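*Asks:* At position 128 of the sequence shown (counting the first as 1) the number is 127 in numbering that gives the first Met the number 0, and the numbers step up by one without a gap.
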Amino acid sequence: MRLSEYFLPVLRENPSEAQIASHRLMLRAGMIRQSSAGIYCWLPLGLRVLKNIERIVREEQDRAGAQEILMPTIQPAELWRESGRYDDYGKEMLRIRDRHDREMLYGPTNEEQVTEIVRASIKSYRDLPKLLYHIQWKFRDEVRPRFGVMRGREFLMKDAYSLDLDAAGAKRSYNKMFAAYLRTFVRMGLKAIPMRADPGPIGGDLSHEFIILADAGESDVFFDRRWQEIDIPLIEVDYQDDLEPIFQRWTASYAATDEKHNPASCPIPETELISARGLEVGHIFYFGDKYSRPMQALVSRPDGAPVPLQMGSYGIGVSRLPGALIEANHDENGIIWPESVAPFRAGLINLRASDMRCRAAADDLYGKLRNAGIEVLYDDRDESPGAKFATMDLIGLPEQIVVGPRGLAAGTVEVKNRRSGVREDMTTDAALSRLSAA
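1. Cα separation between D363 and T250?
2. Please list the segments of the beta strand (DSSP E) lying wholly inside the stretch 33-59, counting only runs of 3 or more residues, in order along the chain.
3. If we count the other Cβ atoms within 10 Å of its Cβ and call it buried at 16 or more, is S6 buried or exposed?
4. Could you say which of D223, T270, V280, Q309 lies nearest to F286 if we only look at CA atoms?
5. Starting from R94, follow its DSSP beta bridges and name the residues at the other end.
6. Taking C-beta to C-beta, are R150 and A36 nearer than 9 Å?
7. So, A28 versus L46, is the Cβ gap smaller than 9 Å?
8. Which term fits P266, buried or exposed, when burial requires 16 or more other beta carbons within 10 angstroms of its beta carbon?
9. Among the candidates L189, I134, E243, whose CA atom is the shortest distance from the CA of Y173?
10. Return the CA-CA distance between S82 and K157, expressed in angstroms with no decimal places.
11. Output yes or no for whether 9 Å exceeds the beta carbon distance between P321 and M30.
12. Give the secondary structure of G281 by DSSP, where H, G and I count as helix, E and B as strand, and everything else as coil.
13. Is the CB-CB distance between K137 and Y238 below 9 Å?
14. Taking only three categories from DSSP, how would you classify T72?
15. Any contact of the stretch 70-79 with the stretch 93-105, i.e. 3+ C-beta pairs under 8 Å?
16. Counting only the same chain and skipping the five closest in sequence on each side, list residues whose C-beta sits under 6 Å from that of N109.
17. Given a cut-off of 9 Å, decide if N349 and Y377 are closer than it, judged by their beta-carbon atoms.
18. Can you confirm whether the stretch 111-124 touches the stretch 290-298 when touching is taken to mean that 3 or more C-beta pairs between the two stretches lie within less than 8 Å?
19. Looking only at its own chain, which residues have a Cβ that is under 6 Å from the Cβ of G346, when we skip the five neighbours before and after it?
20. For Q399, write down the residues that DSSP places opposite it in a beta bridge.
21. Curious, which full-length alpha helix (DSSP H) runs of at least 4 residues does the stretch 223-285 contain?
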């Protein structure tokens, strides 16, 4: 994509309303624009990042055996009355009436909706287990939405729901999602620590939040000092195996959110305990028959006796992840995207757009990059070199390729790695090979 044709409304100054780095940089880099409090328009650069995150989430859900569905944003209030949550949820739920005066709501979550779907179709233990997921926009009417997409009112979520006959089967499903979440966040370049967590309004007695450590974190977390030395690898998972060893391995070192941490019963000495701020990027729950029992989602056991489905839910904040990624990947000049989620693989800079030789060389390299399947943002504007470098550093593409008169005289271009800052002079063929091999 040529930057002269691209919609990228970058800002030179920090917006006064932005309190944390990710909010400032998303606004400055032209990724989002606020529509109203806590509600954002996603502009082309931001949407590309969002789609890359969504792709990774979807691939790992599919790999784990979950099947994608799509549930509506607007739900009937009677479903929530069946579960008993309609009056309990509070003012965060946006309640509306349609033209026939039927009570509806803009769904903040989907436990009731998925329970209604499966109770009509799943009747026997032979139909189990099942894992269903969807990626859909949701709404929670936060009192004070702040921190940009990190705590918005409208947000994109991946929800998965497990359906099992008994607690043992539900724990196997829980372990599948636990392993899938480990893989998902590692693929995005994030170290997300699984921490014992409070289930909140979802309910249940087994719950983990996946937390990244950040100064802008929304809550206090507590963990064993050993977590500072542990890197979470991209583990290979056979989802047909017993995954309890993976669960045990990655919950063996103490880690808990503020709600679950009790200093009096903490199993590790105070000298080994670290307190920090954390950002939640995923949350998994096992809640048994909390919804299936009141909503009469029953299945027959092998002996014919009807029992409520055992259920769990598994969320990832897709639209908050760009903010979380920026909090973990930025410097004083702007964003530093991990390659897996970057909006473009590289930025191509023509230092002197008015120079016919520079323009011809940059156009030729741009065509070769595109033909090689490399997504590239080509700065062909008639701007100063300083402005072009500043824009590329701000938007944080992994590699920058600079075409200028001096390099062309030597038969080279300059390639800069955004994360390390290392610059190398190389031929255009070598630059093409480097990006093609990544």
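All C-beta atoms, glycine included, are put in the ideal place defined by N, C-alpha and C.
Source: prediction; values computed, not measured.
*Replies:* Put simply:
1. Along the sequence shown, read from residue 1 onward, the residue named residue 363 stands at position 364. Along the sequence shown, read from residue 1 onward, the residue named residue 250 stands at position 251. Taking the straight line joining both Cα atoms gives about 52 Å.
2. 38-41
3. On the sequence shown, position 7 is the one that residue 6 refers to. For clarity, residue 6 is Phe in the given sequence; the question names Ser instead. Exposed, since its Cβ has fewer than 16 Cβ neighbours within 10 Å.
4. Taking the sequence shown and counting its residues from 1, the one referred to as residue 286 is at position 287. The residue with the shortest Cα to Cα distance from F286 is Q309.
5. Position 95 of the sequence shown holds residue 94. Per DSSP, L104.
6. In the sequence shown, counting from the first residue as 1, residue 150 sits at position 151. In the sequence shown, counting from the first residue as 1, residue 36 sits at position 37. No, they are not a contact pair.
7. Against the sequence shown, residue 28 aligns to sequence position 29. Against the sequence shown, residue 46 aligns to sequence position 47. No, they are not a contact pair.
8. Position 267 of the sequence shown, counting from 1, holds the residue named residue 266. Classification of P266: exposed, given that the 10 Å Cβ count is below 16.
9. If you number the sequence shown from 1, residue 173 lands on position 174. With distances taken between Cα atoms, Y173 lies closest to E243.
10. Taking the first residue of the sequence shown as 1, we reach residue 82 at position 83. Taking the first residue of the sequence shown as 1, we reach residue 157 at position 158. Roughly 22 Å separates the two Cα atoms.
11. In the sequence shown, residue 321 corresponds to position 322, counting from 1. In the sequence shown, residue 30 corresponds to position 31, counting from 1. A contact, by the Cβ cut-off of 9 Å.
12. Numbered from 1 along the sequence shown, position 282 holds the residue referred to as residue 281. The answer is strand: DSSP assigns G281 an E or B state.
13. For the purposes of this step, residue 137 is identified with residue 138 of the sequence shown, where counting begins at 1. For the purposes of this step, residue 238 is identified with residue 239 of the sequence shown, where counting begins at 1. No.
14. As a working mapping, residue 72 is identified with position 73 in the sequence shown. DSSP places T72 in coil when its eight states are reduced to three.
15. Result yes; three or more Cβ-Cβ pairs closer than 8 Å.
16. Start at 1 with the first residue of the sequence shown, and residue 109 comes out as number 110. Around N109: M70, D158.
17. If you number the sequence shown from 1, residue 377 lands on position 378. If you number the sequence shown from 1, residue 349 lands on position 350. Yes, Cβ-Cβ distance for Y377 and N349 is below 9 Å.
18. yes
19. Here residue 346 refers to the residue found at position 347 of the sequence shown. L376, M391, L396, Q399.
20. Here residue 399 is taken as the residue at index 400 of the sequence shown, counted from 1. DSSP output for Q399 lists G346, K415 as bridge partner(s).
21. Note on the stretch 223-285: whole alpha helix (DSSP H) runs with a minimum of 4 residues are 243-248, in chain order.
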